[in-house]
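Novice: Mapping the sequence shown onto the working numbering, position 155 (from 1) lands on 175, and the numbers just tick up by one.
The beta carbon of each residue, even a glycine, is placed where N, CA and C say it ideally should be.
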Amino acid sequence: IAPTDEMSACGHSISLNKPVYVRQYEVSDGYHRYGIEGTPADCVKLAVKKLLDEKLSLVVSGINRGPNTGLNILYSGTVSGALEGAILGIPSIAISSASYTEPRYDTSAVVAYVLGRKILKSGLPEKVCLNVNVPSIPIEQIKGFKITRQAETEFEEYFDDNGDGGFILRGDSVTRDVDENSDVVAVKMGYVSITPLHIDLTHYDSLTSITYLCDIFDKTLSSKDGIEDMVIKGI
């Protein structure tokens, strides 16, 4: 099951208040194939809720062309497909071949198969999916698997004027992270990076450090006089 159109950088968007059309492709190998006029997250939702009779044991989203490391994770439709699987309680993997120009889908397919078999046997933590990035090299050159964290990256972006009043976003991802346990560096070193992602985006360290914000209510919003005083002072 896959989108019928290019869905790069669509994030976790889903189709609301409009029909999602499905095309079924006839093949001779016994497998059912569906094209979805929607996003990767739509594909997973439709598969689980509508198209498939049996309960899914595993979701594999990809193989994506190009790396989904660092900040790319937040924009990735491929990663969001796996996150949608995690939301639905299904062990899920997002897998990417870490080259835009020369992706090695054969290598990534072997990695996906090996990881998938292991996950089917051992499972994953609840509401967690794996973001897997595979170096674009022959399988025999892979140095191993490495459990990684999301690298600290940023984008150097600019907009091109396309000449008719529109603008096209351009740019490159920049990594200054040198930690061997980050996804970007691990892939550059020839390792398959495996980053566990959780659907809970709460930054727990901040739960206690921003409690001062509650004072705004206690001191101002809890009374009419306090609100008027806040407005007068421009607080």
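Just the Cα atoms here: how many angstroms apart are serine 35 and lysine 65?
Specialist: Cα to Cα, serine 35 sits roughly 10 Å from lysine 65.
Novice: Does the distance from the CB of serine 77 to the CB of proline 60 come in under 9 Å?
Specialist: Not a contact, by the Cβ cut-off of 9 Å.
Novice: Nearest CA to the CA of valine 205: which residue from Glu172, Ile230, Leu221, Ile219?
Specialist: Ranking the options by Cα distance to valine 205, first place goes to Glu172.
Novice: Keeping to the same chain, check which residues put their C-beta closer than 7 Å to that of glutamate 176; ignore five residues upstream and five downstream.
Specialist: Excluding residues within five positions, the ones whose Cβ falls inside 7 Å are Gly191, Asp192, Val194.
Novice: What's the C-alpha gap between lysine 138 and lysine 75?
Specialist: Taking the straight line joining both Cα atoms gives about 19 Å.
Novice: In terms of residues, what are the limits of the beta strand (DSSP E) holding aspartate 181?
Specialist: Looking at the DSSP string, the run of the beta strand (DSSP E) that includes aspartate 181 is 173 to 181.
Novice: So for methionine 115, helix, strand or coil by DSSP?
Specialist: Note on identity: in this sequence residue 115 is isoleucine, with methionine being the wrong assignment. If DSSP states are grouped into helix, strand and coil, isoleucine 115 belongs with the strands.
Novice: On the CB-based measure, 16 or more other CB atoms within 10 Å of its CB, does tyrosine 211 come out buried or exposed?
Specialist: Buried.
Novice: State yes or no: is the C-beta of valine 68 within less than 9 Å of the C-beta of leucine 108?
Specialist: Against a cut-off of 9 Å, the Cβ pair of leucine 108 and valine 68 comes out as a contact.
Novice: Measure from the alpha carbon of leucine 103 to the alpha carbon of each residue in Cys149, Tyr54, Tyr178, Glu46, then state which is nearest.
Specialist: When only C-alpha atoms are compared, the closest one is Cys149.
Novice: Would you mind sorting threonine 168 into buried or exposed? The rule is 16 or more other CB atoms within 10 Å of its CB.
Specialist: Counting Cβ neighbours within 10 Å, threonine 168 comes out buried, since at least 16 surround it.
Novice: Measuring CA to CA, which of Pro87, Phe237, Asp62 is closest to tyrosine 125?
Specialist: With distances taken between Cα atoms, tyrosine 125 lies closest to Pro87.
Novice: Can you list, in chain order, the residues of its chain whose CB lies under 7 Å from that of aspartate 180, leaving out five sequence neighbours each side?
Specialist: If we look at aspartate 180 and ignore the five residues flanking it on each side, its Cβ neighbours are Phe187, Ile188, Arg190.
Novice: Taking the C-alpha atoms as reference points, what is the distance between valine 40 and threonine 231?
Specialist: In a straight line, the C-alpha of valine 40 is about 43 Å away from that of threonine 231.
Novice: Grab the span of the alpha helix (DSSP H) containing cysteine 63 for me, first residue to last.
Specialist: 60 to 66 is the extent of the alpha helix (DSSP H) around cysteine 63.
Novice: Using C-beta distances below 6 Å, list every residue in its chain close to isoleucine 83, excluding the 5 sequence neighbours before and after it, in chain order.
Specialist: So the qualifying residues of the chain are Ile115, Ser117, Tyr125, Ser128.
Novice: Pull up the distance between the alpha-carbon of serine 226 and that of asparagine 201, whole angstroms please.
Specialist: Distance between the alpha carbons of serine 226 and asparagine 201 is about 24 Å.
Novice: In angstroms with no decimal places, state the Cα-to-Cα distance between proline 155 and threonine 222.
Specialist: Each residue's alpha carbon lies about 31 Å from the other.
Novice: With C-beta atoms as the reference, is proline 216 less than 9 Å away from proline 145?
Specialist: Yes, they are a contact pair.
Novice: So within the stretch 79 to 166, which uninterrupted alpha helix (DSSP H) runs reach at least 4 residues, ignoring any that extend past its ends?
Specialist: Correct list: 92 to 95, 97 to 107, 125 to 142.
Novice: Thinking just about the alpha-carbon of each residue, which of Gly105, Asp235, Glu26, Asn153 is nearest to the one in serine 119?
Specialist: Minimum Cα distance to serine 119 is reached at Asn153.
Novice: Quick one: using the 10 Å Cβ neighbour count with 16 as the cut-off for buried, is lysine 166 buried or exposed?
Specialist: Under this definition lysine 166 is a buried residue.
Novice: Please report the straight-line C-alpha distance between cysteine 30 and tyrosine 178, rounded to a whole angstrom.
Specialist: Roughly 19 Å separates the two Cα atoms.
Novice: May I ask you to report which of helix, strand or coil DSSP gives tyrosine 51?
Specialist: Coil at tyrosine 51, not helix or strand.
Novice: Which residues share a DSSP beta bridge with glycine 191?
Specialist: Looking at the DSSP assignment, glycine 191 forms a beta bridge with Glu177.
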